[in-house]
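S.K.: Structure provided below as structure tokens; questions to follow.
Protein chains: 2
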Amino acid sequence: MTTGTPTANADGPRLPTAPPRRRPTMKDIAERAGVSPSAVSFALNDRDGVSPATRARIREVAEELGWQPNSAARALSGERSGCIGLVLARPAHTLGVESFFLQLVSGIQEALSAHRTALLFQVVEDLAAECATYRRWWAERRVDGVLVVDPRTHDPRPALLASLALPTVIIGDTRTSTTSETDLEPAETTATADEPSRTSAGATAASVSAPAPLSTIWADDAAAMRSIIDHLYELGHRHIVHIAGLPGLAHTDRRVAALRAEAARLGLDPADVRSVSTDYSDEQGAEATRRLLAAPRPPTAIVYDNDVMAVAGVAVAAGRGVPVPAALSIVAWDDSPLCRVTHPRLTSLVRDTAGFGRLAAQELLSLLDGAPTRRLQAELPHLELRDSTTHAP
Amino acid sequence: MTTGTPTANADGPRLPTAPPRRRPTMKDIAERAGVSPSAVSFALNDRDGVSPATRARIREVAEELGWQPNSAARALSGERSGCIGLVLARPAHTLGVESFFLQLVSGIQEALSAHRTALLFQVVEDLAAECATYRRWWAERRVDGVLVVDPRTHDPRPALLASLALPTVIIGDTRTSTTSETDLEPAETTATADEPSRTSAGATAASVSAPAPLSTIWADDAAAMRSIIDHLYELGHRHIVHIAGLPGLAHTDRRVAALRAEAARLGLDPADVRSVSTDYSDEQGAEATRRLLAAPRPPTAIVYDNDVMAVAGVAVAAGRGVPVPAALSIVAWDDSPLCRVTHPRLTSLVRDTAGFGRLAAQELLSLLDGAPTRRLQAELPHLELRDSTTHAP
DNA sequence: TTGTAAGCGTTATCAA
DNA sequence: TTGATAACGCTTACAA
Chain A
1 MTTGTPTANA DGPRLPTAPP RRRPTMKDIA ERAGVSPSAV SFALNDRDGV
51 SPATRARIRE VAEELGWQPN SAARALSGER SGCIGLVLAR PAHTLGVESF
101 FLQLVSGIQE ALSAHRTALL FQVVEDLAAE CATYRRWWAE RRVDGVLVVD
151 PRTHDPRPAL LASLALPTVI IGDTRTSTTS ETDLEPAETT ATADEPSRTS
201 AGATAASVSA PAPLSTIWAD DAAAMRSIID HLYELGHRHI VHIAGLPGLA
251 HTDRRVAALR AEAARLGLDP ADVRSVSTDY SDEQGAEATR RLLAAPRPPT
301 AIVYDNDVMA VAGVAVAAGR GVPVPAALSI VAWDDSPLCR VTHPRLTSLV
351 RDTAGFGRLA AQELLSLLDG APTRRLQAEL PHLELRDSTT HAP
Chain B
394 MTTGTPTANA DGPRLPTAPP RRRPTMKDIA ERAGVSPSAV SFALNDRDGV
444 SPATRARIRE VAEELGWQPN SAARALSGER SGCIGLVLAR PAHTLGVESF
494 FLQLVSGIQE ALSAHRTALL FQVVEDLAAE CATYRRWWAE RRVDGVLVVD
544 PRTHDPRPAL LASLALPTVI IGDTRTSTTS ETDLEPAETT ATADEPSRTS
594 AGATAASVSA PAPLSTIWAD DAAAMRSIID HLYELGHRHI VHIAGLPGLA
644 HTDRRVAALR AEAARLGLDP ADVRSVSTDY SDEQGAEATR RLLAAPRPPT
694 AIVYDNDVMA VAGVAVAAGR GVPVPAALSI VAWDDSPLCR VTHPRLTSLV
744 RDTAGFGRLA AQELLSLLDG APTRRLQAEL PHLELRDSTT HAP
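Protein chains in written order, with the working numbering: chain A, 1 to 393; chain B, 394 to 786.
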């Protein structure tokens, strides 16, 4: 029993009672159950071609032996690797306080854990390194698909991943358009195949048909921006500055465009309602705030594209003796403990980040099972009113 | 073209010019170079048994074809999987603002990327799930080794990992002792083998010898705590409270013990210099601060075990009209943008977290190469004096 | 319904 | 120095 190591006597003592510390294989199960390896494979993979009785017995033996599939063997024989990949391209100094990201990952894992799928995670310095990582993963056959974050307005990644035939889910949206009404869920209708037979049929379809399935999970940044601006408008603010994140990022560009559109709709002066861009860091957030407050006619409200910059902004205002919210209202895009902990507590845009991640991971798993691609809209965020916004002075 | 489906003629058309969209294999290289597959393997793995000329030619062809090793095949044939694992066990709500963690991961990747090793990352709810993850990874042969974070005073993980024979590096230290002088680097002396032949010799040694190699990277929390207390003592503080993190965690316990020891050394009243424990969340940090400030004789200085609680503490003090640092000095353990962004900027204990991660990953890679286990001390943290500490009132 | 055998891309053994 | 050849553990035609 359980012999089978190649060299002469590498298998250690042949104690029938205490099995050696070798992971059991399907062959072990087959011998023990008195069936063929293929029967074991069929039984353990829920494929038919094996009688219920045999299946039950095989399952029992597998359980008893504590068998688990060897991921390398699975991957090698053409199945999936059982891994999906996620690359975070951020310059090291930007990594500081990133509540968004861990939340996202924790949501992703929720979806993955049920499917015995692991997450390969990589932090790199820039987009080029990110692309290199995809190429390497592809060449090494490391991952079955990838989750792409921080989509950009001109993004080389979708094309690259398509050419590599790596199933992809974009978290966020590469499009900049603000006309969200017209193109709401165009592909949503195609999402009819609920459970496309899940096994070889699906896998084959996925690998043979399209260059690479690519789905998108998108958040309606335009609607979110409108809700913020409308809130401030109702409070009487007419001079609002949006301290935006990195210009190349699609969601930044969408928010900037949405701000402009909403200002136009409300008849506000484009010179008084505008965006300035930063790199998301607290330093640049503080610096931008400093400049704004030093101007002859400072804004009465500032919208920050993340929580860290908002907190930095509050500190700058405090340092210059500008009371928040009495003289300056502040809104943070993205909630976090930070926003609740500072004084005053920050009005912020709350979204279900973990849910976003869960949705994305589920979509990627569906794609791997051969489901059609689609665009999925995430739950709309809402504005949590706290103590940093009030009537315009 | 781009055939290659596993039916009849799996090798597809033999077009010498335009290679099919199939990942090239060693066999392809062998055919192209007119040698045997094993020669290719030797050449590409820097093993001898192949002439320099052949080696060069093989390398050239491999380059030309853009060959990359198939990780599954490597893993299956007994080599490493080329993955190391990291599990983060945190209740979801604690994930909020974790500057420490992404920094650590980014340091880890720096070390790994040079070795074509990937990081398998998993977020789970608790310790039990973490252990289950290790078991699964072991059974699936997913990882070659693991990095363990958040060591506890009574920690089941080292024993589990030893029984699974998974090479391990503990990031932090499971020991609680504060007598750091006596047991400084006891095994450091054994760390002589610089480059133990790296290939089969090392690998064999690792898998045959010990149940599982386990190294520890430890930070001298006791010395760090002493530096904080001494700083406050010199400023005249005699009533200092340490708002600690989760009690079970080894570093928490070490800091608590170090505080007590240092207080004794300075002849301070144990009732006036003590620790209270929390779960690291901003809520509990704020709540503890509230209680302390409401007491008949509030402390003149508070040391927080992380940045988030420190910021929360500042907000509570501000809310109660307690000026920081005039009436209350505050120190944060762990620096982050947060500490620089709040008003006043927080005096904090700065450590090179990314460096810590890099060190840990390097050590794990050495272990995988058969190097002896050891205890490594990380660089000592230093106290960055900012605006939240001053003379006792 | 079941068993046999080939193949996935490596590494490793052993003759030539 | 080379080149067959057999593992590794699993999936999957194809044959019984």
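From the three backbone atoms N, C-alpha and C, an ideal C-beta is built for every residue, glycine too.
Using the rule of at least 16 other Cβ atoms within 10 Å of the residue's Cβ for burial, across every protein chain shown, is arginine 116 of chain A buried or exposed?
M.R.: Classification of arginine 116 of chain A: exposed, given that the 10 Å Cβ count is below 16.
S.K.: Does threonine 278 of chain A have its Cβ less than 9 Å from a Cβ in chain B?
M.R.: No, its Cβ sits nowhere closer than 9 Å to a Cβ of chain B.
S.K.: I'd like the list of long-range same chain contacts for tryptophan 460 of chain B, defined as Cβ closer than 7 Å, with 5 residues on each side in sequence excluded.
M.R.: Hits under 7 Å: Pro417 and Ile422.
S.K.: Under 8 Å Cβ-Cβ, which residues of chain A neighbour glutamine 794 of chain B?
M.R.: The structure shown has nothing for residue 794 of chain B, since chain B only spans 394 to 786.
S.K.: Under 7 Å Cβ to Cβ from glycine 49 of chain A, same chain only, skipping five residues before and after it: list those, please.
M.R.: Closer than 7 Å at the Cβ level, and outside the excluded window around glycine 49 of chain A, lie Phe42.
S.K.: Spell out a yes or no on whether the region 298-308 of chain A and the region 241-257 of chain A are touching, meaning 3 or more CB-CB pairs, one atom from each, closer than 8 Å.
M.R.: Touching, per the Cβ criterion.
S.K.: If we define contact as Cβ-Cβ less than 9 Å, is tryptophan 749 of chain B a contact residue for chain A?
M.R.: Looking at the sequence itself, residue 749 of chain B is phenylalanine, so the reference to tryptophan does not match. Phenylalanine 749 of chain B does not count as touching chain A.
S.K.: Nearest to leucine 164 of chain A by alpha carbon, out of A/Thr153, A/Val149, A/Trp138 and A/Ile170?
M.R.: That would be A/Trp138, whose Cα lies nearest to the Cα of leucine 164 of chain A.
S.K.: What does DSSP give as the partner residue(s) for cysteine 476 of chain B in the beta ladder?
M.R.: Bridge partners of cysteine 476 of chain B: B/Ala511.
S.K.: Spatial neighbours of glutamate 581 of chain B within its chain, please: C-beta separation below 7 Å, excluding the five flanking residues on both sides.
M.R.: Confidence at glutamate 581 of chain B is low in this model, with a pLDDT of 40, below 50, so the placement of that residue is unreliable and no value is reported for it.
S.K.: Where do the N-terminal and C-terminal ends of the alpha helix (DSSP H) with serine 106 of chain A fall, by residue?
M.R.: Element bounds for serine 106 of chain A: 99-113.
S.K.: Check distances from the C-beta atoms of the region 279-297 of chain A to those of chain B and list, in chain order, the residues that come in under 9 Å.
M.R.: Residues passing the 9 Å Cβ filter: Ser281, Asp282, Glu283, Gly285 and Ala286.
S.K.: For the region 111-137 of chain A, enumerate the residues whose C-beta is nearer than 7 Å to any C-beta of chain B, in chain order.
M.R.: Those would be Ala118, Leu119, Leu120, Phe121, Gln122, Val123 and Arg136, in chain order.
S.K.: Counting Cβ pairs closer than 8 Å, one from the region 466-483 of chain B and one from the region 717-724 of chain B, do we hit at least three?
M.R.: Output reads no: the region 717-724 of chain B does not touch the region 466-483 of chain B.
S.K.: From the DSSP output, in three-state form, read off arginine 274 of chain A for me.
M.R.: Of the three classes helix, strand and coil, the one that applies to arginine 274 of chain A here is strand, per DSSP.
S.K.: Within the same chain, show all residues whose beta-carbon is closer than 7 Å to that of threonine 569 of chain B, passing over the 5 residues directly before and after it, in chain order.
M.R.: Cβ within range, chain order: Thr546, Ala643, Asp646, Arg647 and Ala650.
S.K.: I'd like to know whether the C-beta of alanine 785 of chain B is nearer than 9 Å to at least one C-beta of chain A.
M.R.: Output row for alanine 785 of chain B: interface = no.
S.K.: If you draw a straight line from the C-alpha of alanine 711 of chain B to the C-alpha of threonine 682 of chain B, how long is it?
M.R.: Each residue's Cα considered, the two are about 11 Å apart.
S.K.: Grab me the residues of valine 428 of chain B's own chain with a C-beta within less than 7 Å of its C-beta, minus the 5 sequence neighbours each way, in chain order.
M.R.: Thr447 and Ile451, listed in sequence order.
S.K.: So, for alanine 753 of chain B: in the same chain, excluding its five sequence neighbours on each side, which residues have a beta-carbon less than 7 Å away from its beta-carbon?
M.R.: Excluding residues within five positions, the ones whose Cβ falls inside 7 Å are Ile501, Leu540, Val562, Ile564 and Ile610.
S.K.: Is the region 361-371 of chain A close to the region 332-343 of chain A, with three or more CB pairs under 8 Å?
M.R.: Counting Cβ pairs under 8 Å, fewer than three are found: no touch.
S.K.: Pull up the distance between the alpha-carbon of leucine 776 of chain B and that of aspartate 745 of chain B, whole angstroms please.
M.R.: Those two C-alpha atoms are separated by around 12 Å.
S.K.: Which of the three DSSP states is assigned to threonine 682 of chain B in this structure?
M.R.: DSSP places threonine 682 of chain B in helix when its eight states are reduced to three.
S.K.: Quick check on arginine 358 of chain A: buried or exposed, where buried means 16 or more other Cβ atoms within 10 Å of its Cβ?
M.R.: The residue in question, arginine 358 of chain A, is buried, as its Cβ has 16 or more Cβ neighbours within 10 Å.
S.K.: Pick from B/Asp728, B/Gly629 and B/Ala688: whose alpha carbon is nearest that of alanine 785 of chain B?
M.R.: Measuring from the Cα of alanine 785 of chain B, the nearest candidate turns out to be B/Gly629.
S.K.: Who does alanine 301 of chain A pair with in a DSSP beta bridge?
M.R.: Answer is A/Ile240 and A/Ser329.
S.K.: Spell out whether any CB of chain B is found under 9 Å from the CB atom of asparagine 70 of chain A.
M.R.: Output row for asparagine 70 of chain A: interface = yes.
S.K.: Decide if alanine 521 of chain B is buried, meaning its Cβ has at least 16 other Cβ atoms within 10 Å, or exposed.
M.R.: Looking at its Cβ environment, which holds fewer than 16 other Cβ atoms inside 10 Å, alanine 521 of chain B is exposed.
S.K.: Pull up the distance between the alpha-carbon of valine 105 of chain A and that of alanine 354 of chain A, whole angstroms please.
M.R.: Their Cα atoms are separated by approximately 7 Å.
S.K.: Can you tell me which of A/Leu160, A/Val331 and A/Val123 puts its alpha carbon nearest to the alpha carbon of histidine 231 of chain A?
M.R.: Answer by Cα proximity: A/Val331.
S.K.: Taking the beta strand (DSSP E) that serine 348 of chain A belongs to, which residues open and close that run?
M.R.: 347-350 is the span of the beta strand (DSSP E), which, as asked, contains serine 348 of chain A.
S.K.: Would alanine 294 of chain A be called buried (16 or more neighbouring beta carbons within 10 Å of its own) or exposed?
M.R.: With fewer than 16 Cβ atoms within 10 Å of its Cβ, alanine 294 of chain A is classed as exposed.
S.K.: Which two residues bound the contiguous beta strand (DSSP E) that contains threonine 609 of chain B?
M.R.: Per DSSP, threonine 609 of chain B belongs to the beta strand (DSSP E) from 607-611.
S.K.: Only counting the same chain, and skipping five residues up and downstream in sequence, which positions put a Cβ closer than 6 Å to that of alanine 426 of chain B?
M.R.: Closer than 6 Å at Cβ, skipping near neighbours: Arg450, Ile451 and Val454.
S.K.: Using the beta-carbon of each residue, which ones in chain B are nearer than 8 Å to glycine 319 of chain A?
M.R.: Within chain B, the residues near glycine 319 of chain A are His736.
S.K.: Does the beta-carbon of leucine 380 of chain A have 16 or more other beta-carbons within 10 angstroms, so that it is buried, or is it exposed?
M.R.: Exposed: under 16 other Cβ atoms inside 10 Å.
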